[in-house]
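> Have a look at the structure that comes next, please.
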Amino acid sequence: MTIIDTHMHLGMSKFSGHRTTVETLNQYMERYGITHGMVMPQPTLDNIALIHDEIYQLTQHHSGRFYGMASIDPWLSEQEYEQEFRRCIETYQFVAVKLHPHGHNISPLASQCHKVYELADQFHVPVIIHTGLGSLNALPSLVIEPARTFPNVTFVLGHAGFAVFTSEAIVAAKTCENIVLEPSWCPTFSVQSMVNEVGIDRIIYGSDHVENIPVELAKYHSVLTDKQLEAVFSANPQRIFHLDLR
Ligand SMILES: [Zn+2]
Numbered sequence: 046m047t048i049i050d051t052h053m054h055l056g057m058s059k060f061s062g063h064r065t066t067v068e069t070l071n072q073y074m075e076r077y078g079i080t081h082g083m084v085m086p087q088p089t090l091d092n093i094a095l096i097h098d099e100i101y102q103l104t105q106h107h108s109g110r111f112y113g114m115a116s117i118d119p120w121l122s123e124q125e126y127e128q129e130f131r132r133c134i135e136t137y138q139f140v141a142v143k144l145h146p147h148g149h150n151i152s153p154l155a156s157q158c159h160k161v162y163e164l165a166d167q168f169h170v171p172v173i174i175h176t177g178l179g180s181l182n183a184l185p186s187l188v189i190e191p192a193r194t195f196p197n198v199t200f201v202l203g204h205a206g207f208a209v210f211t212s213e214a215i216v217a218a219k220t221c222e223n224i225v226l227e228p229s230w231c232p233t234f235s236v237q238s239m240v241n242e243v244g245i246d247r248i249i250y251g252s253d254h255v256e257n258i259p260v261e262l263a264k265y266h267s268v269l270t271d272k273q274l275e276a277v278f279s280a281n282p283q284r285i286f287h288l289d290l291r
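The opening residue of the sequence shown carries number 46 in the working numbering; numbering runs sequentially from there.
As structure tokens, this is what we get:
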């Protein structure tokens, strides 16, 4: 069975101190049958370009197993932001860009974030936005306006409101058809609500932490049919991130 984990990190989080290495990524993926991993940097104070380089190496050394995702500080000038964006998306063939309203300390409504959406629109890559935990900038409803302004961009709500704001994430997804939910850390009953209210086609699986992989998998196995599992684990991420599985 193909299982694509759409939310993995490399490096150390400046918030939690949680660290993921190439070794632990591979170990946990093998142990729990994750066939493909989508990897991005953590919110970090380290040099983000170097972490993008490491993620690129990962995609090259384990051909077909990993896909890269860029996470670039939206406070950079338009020129600096675009330069790193193009390096990741054009040169490294990364498949998505991340905006972290808590880690980057910025509202998705801020004018500085427009360049993120404009470039995502131009290069046909989804924008993953961290939601739920942290600051009020991470409220899921703040993604509604960008999603309306950029109807051709897919917006993935990372953590789908992180349990506490999951109802709001569901409202956002029901309001905008270009919003997709990735319910890592959400309760099992919330996953069922997302499927019932938003539909199985706009739910994707992500773990966030490698130690959380078996927990997340168990949630889906508990409430979904085999056909729904196939959608969440494989068909949906392939369609949404334009993945060409090898
Ligand atoms: Zn994360």
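Quick reminder that beta carbons are idealized off the backbone N, C-alpha and C, glycines included.
Helix, strand or coil for residue 96 per DSSP?
Your numbering for residue 96 matches position 51 in the sequence shown. Note: residue 96 maps to helix in three-state DSSP.
> Which value, in whole angstroms, describes the spacing of the CA atoms of residue 265 and residue 119?
The residue you call residue 265 lines up with position 220 of the sequence shown. The residue you call residue 119 lines up with position 74 of the sequence shown. Whole-angstrom Cα-Cα distance: 34 Å.
> Any heavy atom of ligand 1 inside 7 Å of the beta-carbon of residue 203?
Stepping through the sequence shown from its first residue, residue 203 is reached at position 158. Checking every heavy atom of ligand 1 against the Cβ of residue 203, one is found closer than 7 Å.
> Can at least three beta-carbon pairs, one atom from the segment 67-75 and one from the segment 224-240, be found at a separation below 8 Å?
In short, these stretches do not touch, since the Cβ pair count stays below three.
> Indicate whether residue 185 and residue 202 have their beta-carbon atoms separated by less than 8 Å.
Mapped onto the sequence shown, residue 185 falls at position 140. Mapped onto the sequence shown, residue 202 falls at position 157. Yes; because the gap between Cβ atoms is below 8 Å, this pair is in contact.
> Can you list, in chain order, the residues of its chain with a C-beta nearer than 8 Å to that of residue 58? Leave out the 5 residues immediately preceding and following it.
Walking along the sequence shown from the start, residue 58 turns up at place 13. Within the same chain, residue 58 has close Cβ partners 64, 87, 88, 89.
> I need the straight-line Cα distance from residue 69 to residue 181, nearest angstrom please.
Position 24 of the sequence shown, counting from 1, holds the residue named residue 69. Position 136 of the sequence shown, counting from 1, holds the residue named residue 181. Near 32 Å, if we compare the C-alpha coordinates of residue 181 and residue 69.
> List the endpoints of the continuous beta strand (DSSP E) containing residue 116.
For the purposes of this step, residue 116 is taken as residue 71 along the sequence shown, with counting starting at 1. It spans 111-116 - the beta strand (DSSP E) in which residue 116 sits, taken as one unbroken run.
> I need the straight-line Cα distance from residue 79 to residue 278, nearest angstrom please.
As a first step, residue 79 must be located in the sequence shown, where it is residue number 34. As a first step, residue 278 must be located in the sequence shown, where it is residue number 233. Distance between the alpha carbons of residue 79 and residue 278: 9 Å.
> Looking at the structure shown, is residue 106 part of a helix, part of a strand, or coil, going by DSSP?
Sequence index remark: in the sequence shown, residue 106 carries index 61 (1-based). If DSSP states are grouped into helix, strand and coil, residue 106 belongs with the helices.
> Just to confirm, is the Cβ distance from residue 218 to residue 173 under 8 Å?
If you number the sequence shown from 1, residue 218 lands on position 173. If you number the sequence shown from 1, residue 173 lands on position 128. Cβ distance not < 8 Å, so residue 218 and residue 173 don't count as in contact.
> Does any heavy atom of ligand 1 sit closer than 7 Å to the C-beta of residue 52?
If you number the sequence shown from 1, residue 52 lands on position 7. It does: the Cβ of residue 52 is within 7 Å (strictly closer) of some heavy atom of ligand 1.
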